[in-house]
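Let me begin by presenting the structure, written as structure tokens, before commenting on it.
Residue numbers (this note's numbering): 4 to 233.
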């Protein structure tokens with residue numbers, strides 16, 4: 004029996020309600036939110052019964068807009084984009100947007116190639132992180148969930164673990180908000196993945212959006228705590 008017979012977005016214990024999410028980001032200072040990268044950034048995913056068909060980044064933007072009505076939102080994510088293509092086709096557009104909050108997630112498409120260049124992928128990721136950091140924007144990023152099971156997907160698991168390690172290192176180096184989904188219990192849900200077994204279905208997007216909102220809130224709380232000590 005499908006678990007969605009019992010669970011919808013409004014009853015999902017892993018999801019925040021709109022009011023709860025808004026409360027967490029009530030004092031968020033960001034007014035120009037950009038998302039760049041590959042299909043994860045774009046928000047590819049199958050519909051899930053009982054869940055809004057709204058990608059995770061659009062959900063986060065909606066929460067921010069509920070507290071900042073004049074929020075400007077840009078998403079340049081593109082399905083299939085390699086790390087080099089993100090730099091060539093998206094980075095300058097994002098910088099020209101003059102964002103104060105930027106989510107960066109890419110690199111996985113490089114790793115589908117038989118002769119993947121791990122060093123080039125890592126260098127391209129750092130180029131994006133460094134460019135956004137120099138502009139003074141807060142960066143957020145994502146370590147991918149461990150969903151690589153089955154004969155077709157298992158060979159990617161080690162490569163994605165490497166990408167996650169690179170992402171974690173860059174997050175620490177550039178003071179990014181890191182949403183680490185590698186061991187998140189969401190990964191165990193039987194209805195998590197789209198038919199392609201690569202992208203989250205909307206049940207996953209809903210939970211990912213919640214985790215991003217929580218991570219942004221935690222960053223704001225930490226900054227407020229630091230300020231109170233000064």
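From the three backbone atoms N, C-alpha and C, an ideal C-beta is built for every residue, glycine too.
Backbone CA spacing between residue i and residue j [nearest angstrom]
i           : j           : result
residue 181 : residue 54  : 25 angstroms
residue 57  : residue 22  : 17 angstroms
residue 198 : residue 87  : 27 angstroms
residue 142 : residue 178 : 7 angstroms
residue 228 : residue 119 : 43 angstroms
residue 147 : residue 184 : 5 angstroms
residue 91  : residue 166 : 20 angstroms
residue 96  : residue 102 : 10 angstroms
residue 117 : residue 32  : 43 angstroms
residue 159 : residue 231 : 45 angstroms
residue 186 : residue 140 : 28 angstroms
residue 216 : residue 128 : 23 angstroms
residue 190 : residue 225 : 28 angstroms
residue 221 : residue 157 : 33 angstroms
residue 202 : residue 145 : 14 angstroms
residue 4   : residue 10  : Because the pLDDT of residue 4 is 37, which lies under 50, any placement of that residue in the model is unreliable, and the number read from its coordinates should be weighed accordingly. Taking the straight line joining both Cα atoms gives about 12 angstroms.
residue 14  : residue 218 : 21 angstroms
Residue(s) in a DSSP beta bridge with residue i
i           : result
residue 39  : 107
residue 141 : 104
residue 182 : 145
residue 76  : 36
residue 196 : 203
Cβ shell of residue i (< 6 angstroms), same chain only, five flanking positions each side left out
i           : result
residue 114 : 162
residue 205 : 48, 50, 51, 54 and 56
residue 29  : 70
residue 149 : 185 and 190
residue 46  : 58 and 60
residue 106 : 38 and 143
Close Cβ partners of residue i (< 8 angstroms) along its chain, the five nearest in sequence each way excluded
i           : result
residue 188 : 17
residue 74  : 33, 34, 35, 36, 64, 67 and 68
residue 214 : 182, 184 and 187
Beta-carbon contacts of residue i that lie in its chain and below 7 angstroms, excluding the five residues immediately before and after
i           : result
residue 100 : 35, 37 and 77
residue 12  : 18, 53, 54, 55 and 209
residue 25  : 66, 69 and 70
residue 138 : 98
residue 125 : 169
residue 136 : 142 and 177
residue 195 : 150, 189, 203, 204, 206 and 207
Whole-number beta carbon distance between residue j and residue i, since they are thought to touch under 8 angstroms
i           : j           : result
residue 51  : residue 82  : Contact flag wrong, Cβ pair sits at about 19 angstroms.
residue 134 : residue 94  : 6 angstroms
residue 253 : residue 44  : What the structure shows of the chain is the stretch from 4 to 233, and residue 253 is not part of that stretch, so it cannot be assessed.
residue 112 : residue 131 : Incorrect: roughly 14 angstroms between the Cβ atoms, too far for contact.
The region 27 to 36 in contact with the region 58 to 76 per 3-pair CB rule at 8 angstroms: Segments in contact, yes.
Cβ contact (3+ pairs, closer than 8 angstroms) linking the region 168 to 177 and the region 204 to 212: Judged by Cβ distances under 8 angstroms, the region 168 to 177 makes no contact with the region 204 to 212, as fewer than three pairs qualify.
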